[in-house]
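Written below as structure tokens is the structure these notes are about.
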Amino acid sequence: MAVELNNPEKRMLKIMQSENDRDWTVSELCDKTKFDDQAIIVGAGQGLVEKELATGTENEKTFWKLGKEGVKANSNGLLEMNLWEWVLSSEDTSMKSLQSSNIVEKHEVGIGVGLLKSLGVTLEGGCFIPPENKENITSILLERKGFLEFINSSEQGVLESELNNDMLNHFKNRKNLLTYTDEITRTWKITKKGLNISPKTLEEKMMIAEITPELLQGDSWKNAEFKPYDVSLESNTPLSGKPHPMQSLIERIRSIFLEMGFTEIDGDYVQTAGWNMDALFIPQDHPAREMQDTFYLSNPESIPIDDEILTQWKSIHEHGGDTGSLGWGGGFSKDIAQKGLLRTHTTVNTVKYISENPNKPCRVFGIGRVFRNESIDRTHLPEFHQIEGIIMEPGANLPMLVTTLKTFYEKMGYPEVRVRPAYFPYTEPSLEIEVKWRGQWLELGGAGIFRPEVTEPLGCSSPVLAWGMGLERLAMLVLGLDDIRQLYISDLEWLKSQPVL
Amino acid sequence: MPTIRFNHSDLNKIQSRFGIKYSKNLLNEIGDIGCSVEENNENEIEIEIFPDRADLLSPGTLAHASRPFLHNQDAVPNLEIESSGISLDVDESLKDVRPVIYAAVVRNVNTGENEEEINEFIQTIMDHQEKLHFSLGKRRSKASIGVHDFAELKPNFKVITTNEDFEFIPLAMDNTLSVKKILSEHPKGVDYAHLLEGMNRFPMIIDQNNSVLSFPPIINGNHTTVKNSTKDFFIDVTGWDPRACECSLLLVCLELASRGGKIESVEINDCNNQKIITPNGKPIKHELTNRLLESMLGKKFTEEELTKAINRMGGKFLGIKDAPESSLEIANKMSDVIIGDKIIEIEMPRWRFDILHPIDLVEEIAIGHGYESLGTDVPKTPLAGSALNSSNFTRRFTTCLQGLGLQQITSLTLSNENDQFNNVRWNEKEIATTLANPITVDHTLLRTNLLPGLLRLLSANKHNELPQRVYELGQVVRNHSNKTHASWLIASPTGGFAEGRGMLQAIMRDMALDKFNINYELKETSEGHGPWLKGRGAEIYVSNIKVGEIGEIDPHVSKNFDLNVPIHGVELYLDTLMELVQDPVH
Chain A
80 MAVELNNPEK RMLKIMQSEN DRDWTVSELC DKTKFDDQAI IVGAGQGLVE
130 KELATGTENE KTFWKLGKEG VKANSNGLLE MNLWEWVLSS EDTSMKSLQS
180 SNIVEKHEVG IGVGLLKSLG VTLEGGCFIP PENKENITSI LLERKGFLEF
230 INSSEQGVLE SELNNDMLNH FKNRKNLLTY TDEITRTWKI TKKGLNISPK
280 TLEEKMMIAE ITPELLQGDS WKNAEFKPYD VSLESNTPLS GKPHPMQSLI
330 ERIRSIFLEM GFTEIDGDYV QTAGWNMDAL FIPQDHPARE MQDTFYLSNP
380 ESIPIDDEIL TQWKSIHEHG GDTGSLGWGG GFSKDIAQKG LLRTHTTVNT
430 VKYISENPNK PCRVFGIGRV FRNESIDRTH LPEFHQIEGI IMEPGANLPM
480 LVTTLKTFYE KMGYPEVRVR PAYFPYTEPS LEIEVKWRGQ WLELGGAGIF
530 RPEVTEPLGC SSPVLAWGMG LERLAMLVLG LDDIRQLYIS DLEWLKSQPV
580 L
Chain B
8 MPTIRFNHSD LNKIQSRFGI KYSKNLLNEI GDIGCSVEEN NENEIEIEIF
58 PDRADLLSPG TLAHASRPFL HNQDAVPNLE IESSGISLDV DESLKDVRPV
108 IYAAVVRNVN TGENEEEINE FIQTIMDHQE KLHFSLGKRR SKASIGVHDF
158 AELKPNFKVI TTNEDFEFIP LAMDNTLSVK KILSEHPKGV DYAHLLEGMN
208 RFPMIIDQNN SVLSFPPIIN GNHTTVKNST KDFFIDVTGW DPRACECSLL
258 LVCLELASRG GKIESVEIND CNNQKIITPN GKPIKHELTN RLLESMLGKK
308 FTEEELTKAI NRMGGKFLGI KDAPESSLEI ANKMSDVIIG DKIIEIEMPR
358 WRFDILHPID LVEEIAIGHG YESLGTDVPK TPLAGSALNS SNFTRRFTTC
408 LQGLGLQQIT SLTLSNENDQ FNNVRWNEKE IATTLANPIT VDHTLLRTNL
458 LPGLLRLLSA NKHNELPQRV YELGQVVRNH SNKTHASWLI ASPTGGFAEG
508 RGMLQAIMRD MALDKFNINY ELKETSEGHG PWLKGRGAEI YVSNIKVGEI
558 GEIDPHVSKN FDLNVPIHGV ELYLDTLMEL VQDPVH
């Protein structure tokens with residue numbers, strides 16, 4: 080059976096075959112294989128064990144080194160040794176004399192005296208008296224000194240098993256003389272199966288990390304191995320060119336209209352009050368027409384409208400003209416009608432389209448920006464998008480509008496739709512559309528049939544079904560936004576994090 | 008939209024007078040009549056009233072409409088009115104001052120059991136009046152209402168005009184004030200003086216003692232103020248619009264009648280010396296052809312269905328009759344009656360100001376019947392939909408920009424002179440559309456180019472990492488017409504003009520200029536023109552027509568936007584470019 084081995088495994092096994100029946104440590108294998116990185120040996124060793132070509136042993140070993148005080152003792156002499164020498168060489172061995180000498184630091188006096196006493200030195204009448212057998216103490220102290228020197232001899236520390244147990248226990252009890260580290264040491268031993276792997280199998284192959292054109296132009300790659308990567312690791316995410324999510328939403332809505340056989344129309348932001356409002360039978364004293372709701376223009380302050388149309392609107396507003404309506408009563412100013420403004424709804428496009436095509440059955444739609452005199456805050460902007468669709472044909476009726484709306488919203492992904500009565504000055508009947516969005520009813524648009532005061536002066540004799548909705552509210556819901564400003568003054572990190580809709 | 012808020016206990020008191028067991032939960036369904044319940048808690052309810060339903064602006068009037076709509080009671084489209092025997096003479100001089108003047112008396116109103124209830128009642132009446140002033144009265148220009156303590160008055164009444172020196176004690180004042188002073192100093196006078204602008208005679212309603220009831224539409228006299236003891240009321244409505252005045256008067260009377268008041272009429276000798284009796288409580292008889300109803304709602308209605316639907320909406324179905332022989336042969340308008348039509352006769356309350364046309368009756372029946380019970384229908388005309396002519400071009404262009412790794416952004420159309428012109432050194436102020444009533448200095452005109460908005464966006468993103476590669480494709484307004492532009496900006500430590508030039512080349516190739524051998528060239532911009540660095544900015548010409556500009560942004564310009572990174576970019580006039588290139592599929 081062929082054994083699949085990678086290069087490090089091959090090299091490691093080859094080394095181990097050279098001297099069977101022995102344990103190999105990581106550092107020995109590093110040495111022989113010339114791999115600098117111990118992790119390669121550990122990885123290869125693990126691979127060999129898995130393939131039963133080697134057995135592995137893990138030992139936890141303790142290494143001892145000198146601690147802070149140990150280092151000091153090793154260079155300046157052990158505290159008790161220094162004291163002992165002082166006792167032997169001084170004439171005055173009183174405590175007082177010790178304290179005035181510079182043999183020990185003040186804070187070490189207490190510990191030193193304790194150590195001396197434990198060696199058999201007594202304190203009588205304030206003086207240190209050595210015991211009879213002085214050589215015994217000297218040899219104990221020399222042994223201690225030798226122990227510390229031995230530990231200091233190895234940079235990575237000395238294995239606990241190599242140390243004198245009594246000495247170790249003695250120094251373990253003394254503060255900061257020694258420190259230790261636990262290390263796992265691994266060793267491997269070749270198995271019989273490992274010994275039987277033929278040298279040919281152990282021939283190493285070229286290992287390829289990055290694939291370069293030069294490499295692929297030659298043949299060497301054919302017998303080479305490709306270094307496997309850790310596919311679970313994350314890489315850098317590249318900067319990508321994406322649409323703004325609101326634009327994507329617009330595109331989806333455009334597609335729905337086009338699928339449903341609607342034709343797209345557009346129009347200018349700059350309009351007259353007449354087309355934006357008077358044509359839609361919005362009375363000239365309607366609150367929405369006031370300065371605080373609508374942006375009027377200083378350039379162009381007014382835009383002329385054909386007097387025939389103005390006269391028609393005037394009679395409709397004042398007394399219903401010949402539509403059979405009572406009209407709004409009061410006066411109608413042609414000057415007000417010719418005032419320039421920024422369109423407040425896309426319905427102005429629609430009504431202009433009807434005026435140009437009053438009797439051609441149609442289904443048209445428009446998506447565009449509209450303007451309201453609003454201060455900017457979390458939920459308001461002075462401009463936003465409106466979506467509007469109309470159906471004009473003989474026999475158009477309210478159920479046709481409701482059915483079309485339901486199809487439209489179903490295509491958007493909201494199959495549950497309900498309608499309620501509503502009010503708009505230019506539609507009758509009027510309705511409000513609500514859809515079920517993630518379990519709750521949500522108002523998502525208005526609709527209705529254009530009033531005769533709107534359509535009849537344009538020469539249009541078929542009912543015009545219309546509906547519209549704002550885009551930003553839906554965009555905020557879909558994107559989970561609580562601040563509408565993010566859509567227009569976007570944080571680029573936020574935009575980057577958005578899905579493509 | 009106006010909002011009303013009141014206690015359940017108040018409405019309960021009104022409804023129990025009409026034998027209704029009050030249910031606050033049922034009230035949640037009132038929305039379908041033409042309003043929207045905003046809040047309905049233990050004690051109070053808040054309802055937003057649609058602007059056309061001025062007949063729902065108070066607890067009593069809302070209760071009146073809800074009785075047939077929610078509680079299946081028979082609708083009462085009329086008011087019961089007896090004569091008070093009181094008269095009001097209007098001087099001829101009112102013709103040009105405030106010609107419409109109506110009045111009524113309501114006696115024995117149950118204003119409440121205790122002081123708290125009475126205070127609440129007075130507040131309700133004042134709120135109702137203010138809401139009517141706003142909706143029907145159009146801020147008192149079409150109609151204004153005065154409500155007075157009848158006990159303080161001595162009938163009969165006169166309406167005269169005075170000069171500006173005429174003095175009386177106005178509401179909530181201790182001393183007399185002249186008309187002139189009221190108009191210039193009294194808060195109400197200041198608010199409404201514009202309604203009497205240019206007049207030298209002023210309307211004044213006075214009683215037998217020559218005491219002033221009211222100086223319409225400005226303020227009442229002090230002594231007629233409604234007090235806690237007031238049970239009998241005198242109401243005047245003055246203005247210019249007879250329908251608005253009539254509806255306002257009826258709705259105030261209806262509110263007081265819902266609290267047990269008995270309405271009495273006043274005989275008016277108007278400014279044209281005609282005698283009229285107000286208020287007129289009789290319903291208005293409307294006619295609607297079955298043809299309009301059925302074509303609009305896509306459904307035939309039985310008489311039973313009509314009776315039920317119309318009753319719910321507060322009216323009465325009277326019957327169906329044939330169209331007269333003299334009717335038209337072909338209908339051109341929704342209101343036309345033609346031979347063969349059936350005419351549906353309906354009585355609706357006179358205070359339904361919103362019924363202007365038979366189409367409004369169609370909606371009444373649709374609501375009364377239920378929008379969701381009308382059935383389904385689909386459009387019949389075979390039509391193929393099509394996108395805007397420019398849609399393929401803009402789609403292709405967007406694909407190119409995104410392929411170049413640019414993030415699309417959208418910014419506001421509203422901008423200002425500094426950003427559009429001064430800060431970027433494009434001097435085109437004369438082509439800008441400017442606002443007459445801007446609310447902030449940041450938004451005074453419409454953008455003529457997209458690039459300044461992109462600079463603003465980069466400025467707002469200074470804290471984010473580079474490179475930043477953004478584009479916008481959208482509408483600008485030049486000479487008051489919408490134009491489609493595209494712009495990109497790249498803020499990056501590397502790249503510069505060469506990168507931008509390369510990107511432009513890619514775009515031009517992908518938009519098929521190379522394929523059709525359409526020539527384009529770049530000409531260095533003159534110094535100080537546009538946002539570009541000297542020697543690193545160019546105008547782009549296609550077939551010798553300018554389609555945009557490209558370059559590295561001058562650091563002086565960047566500084567105007569508080570930016571200090573290298574930026575290069577483009578402004579392209581897509582409408583112009585589209586005219587000059589060919590569609591590779593055509």
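First to last, the protein sequences are chains A and B.
Just so you know, we're using this note's numbering here: the first sequence kicks off at 80 and counts up by one.
Just so you know, we're using this note's numbering here: the second sequence kicks off at 8 and counts up by one.
For every residue, glycine included, the Cβ atom is placed at its ideal position computed from N, Cα and C.
Predicted model, so just to flag it, every value in this text is computed and none were measured.
Nearest candidate by alpha-carbon position, reference E556 of chain B, set B:L529, B:N229, B:S565 and B:K566: Looking from the CA of E556 of chain B, the closest CA among B:L529, B:N229, B:S565 and B:K566 belongs to B:L529.
Residue-level contact to chain B via CB, H587 of chain A, 9 Å cutoff: Within the shown structure, residues of chain A are numbered from 80 to 580, placing residue 587 of chain A beyond reach of any answer.
Distance CB(G547 of chain A)-CB(Q465 of chain A) smaller than 9 Å: yes
Those residues which DSSP pairs with I52 of chain B across a bridge: Paired residues: B:F13 and B:N47.
Contacts around L504 of chain B, its chain only, beta-carbon distance under 7 Å, and the 5 residues preceding and following it disregarded: The sequence as given places Phe at residue 504 of chain B; Leu does not occur at that position. Cβ neighbours of F504 of chain B within its own chain (closer than 7 Å, five residues either side excluded): R543, G558, E559 and H575.
Beta strand (DSSP E) runs contained entirely in the region 170-223 of chain A, provided each spans 3 or more residues: 201-203 and 206-208
Members of the region 428-446 of chain A near chain B, C-beta cut-off 8 Å: P440, C441 and R442
Chain-ordered residues of the region 475-487 of chain B with a beta carbon less than 9 Å from chain A: Along the region 475-487 of chain B, the positions whose C-beta sits under 9 Å from a C-beta of chain A are Q475, R476, V477, Y478, E479, L480, G481, Q482, V484 and H487, read in chain order.
9 Å Cβ cutoff, A7 of chain B in contact with chain A: Here chain B comprises residues numbered 8 to 593, so residue 7 of chain B is not present and cannot be evaluated.
Bounding residues of the beta strand (DSSP E) (the contiguous stretch that carries Q465 of chain A): E462 to M471
Backbone secondary structure at Q22 of chain B - three-state DSSP: In the three-state reduction of the DSSP assignment, Q22 of chain B falls in the helix class, which pools H, G and I.
CB contact check: M555 of chain A to chain B, cutoff 9 Å: no
L95 of chain B versus L359 of chain A: straight-line alpha-carbon distance, rounded: Between the C-alpha atoms of L95 of chain B and L359 of chain A there is a straight-line separation of about 40 Å.
Inter-residue spacing [alpha-carbon to alpha-carbon] between I182 of chain A and E203 of chain A: Between I182 of chain A and E203 of chain A, the C-alpha separation is close to 20 Å.
Spatially closest choice to L369 of chain B from A:P500, A:M491 and A:K89, by CA coordinates: Here residue 369 of chain B is Val; the residue named in the question, Leu, does not match the sequence. Closest by alpha carbon: A:P500.
Same chain only: Cβ atoms within 8 Å of D521 of chain B, ignoring 5 sequence neighbours per side: M515
Supposed close pair E467 of chain A, H459 of chain A - CB separation, criterion 8 Å: That belief does not hold up - the Cβ atoms of E467 of chain A and H459 of chain A are roughly 21 Å apart, past 8 Å.
Chain B residues whose Cβ lies nearer than 8 Å to that of A501 of chain A: F57
CB contact flag (G392 of chain B, F341 of chain A, <9 Å): yes
Interface partners of F336 of chain A on chain B, CB under 7 Å: Neighbours of F336 of chain A in chain B, taken as residues whose beta carbon is under 7 Å from its own, are G392 in chain order.
Burial state of Q235 of chain A (16 or more Cβ within 10 Å): Under this definition Q235 of chain A is an exposed residue.
Integer Cβ distance of Q271 of chain B from S90 of chain B, believed to fall under 8 Å: Note on identity: in this sequence residue 271 of chain B is Glu, with Gln being the wrong assignment. The Cβ separation is near 6 Å, so the contact holds.
Neighbour-count burial assignment, A158 of chain B, 16 or more Cβ in a 10 Å radius: When all chains shown are included, A158 of chain B counts as exposed.
Presumed contact (8 Å Cβ cut-off) between R442 of chain A and P386 of chain B, rounded CB distance: 7 Å
Opposing strand residues paired with E304 of chain A [DSSP bridges]: DSSP, once it has assigned bridges, lists A:M286 as partnering E304 of chain A.
Alpha-carbon spacing of S576 of chain A relative to E551 of chain A, whole angstroms: Answer to the nearest angstrom: the Cα atoms are 19 Å apart.
Rounded Cβ spacing between K144 of chain A and T258 of chain A (contact assumed at less than 8 Å): 5 Å
Within-9 Å CB hit, K497 of chain A to chain B: It should be pointed out that residue 497 of chain A corresponds to Arg in this sequence rather than to Lys. At least one chain B Cβ lies under 9 Å of R497 of chain A.
CA-to-CA distance, M286 of chain A to K306 of chain A, given in whole angstroms: Cα to Cα, the separation comes out at about 6 Å.
T417 of chain B versus G481 of chain B: straight-line alpha-carbon distance, rounded: 8 Å
Continuous alpha helix (DSSP H) assignments of at least 4 residues falling wholly in the region 466-510 of chain A: 477-491
H126 of chain B classed as buried or exposed, judged by whether at least 16 other C-beta atoms fall within 10 angstroms: Looking at the sequence provided, one finds Asn at residue 126 of chain B rather than His. Result: exposed.
Pairwise C-alpha distance: S299 of chain A and K268 of chain A: 34 Å
Buried/exposed call for N396 of chain B, threshold 16 Cβ in 10 Å: exposed
Classification of R448 of chain A by the beta-carbon crowding that lies within 10 angstroms, buried from 16 upward: buried
Assigned secondary structure, D386 of chain A (DSSP; H/G/I helix, E/B strand, else coil): helix
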